[in-house]
Amino acid sequence: MHLAPGDIVSILIGEQFSTPEIEAAIRQEWGLDEPLALQYAHYLWRVLHGEFGRSYILNTDVAPLVLGQLWPTPKLTGASLAVTIAFAVGLAVLTAGRRWAGRAASGVELLLASTPSFWLGIMLLFVFSFTLMLFPVAGDRGFASLVLPALSLGLAPGAVIGRVLRQGIERALDEPYAGMNKVSVYALQGIMTNLVHPQLKAQAEALAQQAEEARLAELDAIISSIREQIAEYEITPEQLFGRRRAVASSPRAPIAPKYRDPKTGAMWSGRGKAPHWIANARNRDRFWITDAD
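With the UniProt record's numbering, letter number 84 in the sequence shown gets 84, and the count goes up by one each step, no holes.
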């Protein structure tokens, strides 16, 4: 009240009837001559005791006026909720799975969701009350007075809920069980659980065993090939593992020469560029130094 522009007392009594004496009397009656903090404290005290003050225009207590309007509020809430549910379910069921109907419904949903409820209410009043005169403009005339307010409050949330519900229905229609009754679903589930699943498990175990056998056979073939190559080139275990393993296990040890020219006695460690006397693989086999050397 104090935030309203102008003097509240002058607004209440009007400028033509405003006199200093009348204004002072009204301020004293309503407690407007007290500090603002004290006015607020008195108001809270009266509210705690169930006193909400008096209406200056109607000259009656405010509490009966407020209580008299409590029932229309839940009634309008229930009516708008019914409109929301009916509109959402109907729109989703009628347009789910239909391409062009779904596109049209998306446009309607977008339009309703972006339209303010008060503007939609004005348009409904203009069409159905002023033009067609099907519903009352104001007042409480039973069910007819609830139709337009419920539509203006329930269509926008119904559009949003209908869009979500339609998408859920379309996802459900794409599932493999869509169109089957409960008996078929339960029967199929029992068949899959008791017959198909054990067979699939047995086939999977057989395939795994075959794969393991194939892997073992491949390893045996590789080992046999290595043995044949060792036997063909007459490679001794010392040549294959001995010196190389000793050098690899001791990286700080000096690298011992592996090749020696029997004519000149020249040595080569096996690293870097090979000398001319051991330029081919045959000479490497001939000049290899063994433990016997």
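Even glycine gets a Cβ: it sits at the ideal position worked out from N, Cα and C.
Inter-residue CB distance, residue i and residue j (contact presumed, cutoff 8 Å)
i      : j      : result
Arg166 : Ala92  : 4 Å
Glu170 : Ala96  : 5 Å
Ala63  : Gly50  : 7 Å
Leu112 : Phe128 : Not really, about 17 Å apart at Cβ, beyond 8 Å.
Gly154 : Phe52  : Between Phe52 and Gly154 the Cβ distance is about 31 Å, and since that is not below 8 Å, they are no contact.
Leu65  : Ser80  : Actually they are not in contact, since the Cβ atoms of Leu65 and Ser80 sit about 23 Å apart, beyond 8 Å.
Leu110 : Ala101 : Their Cβ separation, rounded to whole angstroms, is 15 Å, which puts Leu110 and Ala101 out of contact at 8 Å.
Leu125 : Val137 : 6 Å
Pro72  : Asp140 : 7 Å
Phe135 : Ala144 : 5 Å
Thr84  : Gly158 : 4 Å
Delimiting residues of the alpha helix (DSSP H) encompassing residue i
i      : result
Met133 : Run containing Met133: none; DSSP gives neither H nor E here.
Glu29  : Pro20 to Trp30
His42  : Leu36 to Leu48
Ala274 : Careful: Ala274 lies outside any alpha helix (DSSP H) and carries neither H nor E.
Arg103 : Arg99 to Ala113
Leu125 : Taken as a continuous stretch (DSSP letters only), Leu125 belongs to no alpha helix (DSSP H), as it is neither H nor E.
Bridge partners - residue i, DSSP secondary structure assignment
i      : result
Arg260 : Met267
Arg215 : Arg215 pairs with nothing; no bridge assigned.
Thr55  : Looking at the sequence provided, one finds Ser at residue 55 rather than Thr. According to DSSP, which records beta bridges pairwise, Ser55 is partnered with Thr60.
Candidates the options, of which the one nearest residue i by Cα
i      : options                          : result
Met123 : Ser152, Leu67 and Pro72          : Ser152
Asp61  : Thr73, Gly107 and Arg46          : Arg46
Ile161 : Leu48, Ala37 and Val108          : Val108
Phe118 : Lys75, Ala150, Ile226 and Ser145 : Ala150
Pro74  : Ala159, Leu146 and Ile223        : Leu146
Ser105 : Ile26, Arg260, Thr19 and Val164  : Residue 105 is actually Ala in this sequence, not Ser. For Ala105, the nearest C-alpha among the options comes from Val164.
Leu173 : Ala274, Arg98 and Gly265         : Arg98
Asn114 : Met267, Lys273, Gln39 and Ala156 : Looking at the sequence shown, residue 114 is not Asn but Ser. The shortest Cα separation from Ser114 among Met267, Lys273, Gln39 and Ala156 belongs to Ala156.
Gly142 : Leu207, Leu132 and Leu76         : Leu76
Item to check | Secondary structure, alpha helix (DSSP H): runs of 4+ residues fully inside the region 142 to 182 | outcome: 144 to 173
Next on the checklist: Suppose only complete runs of 4+ residues qualify. What are the alpha helix (DSSP H) ranges in the region 59 to 96, listed by chain order?
Outcome noted: 62 to 68 and 72 to 95
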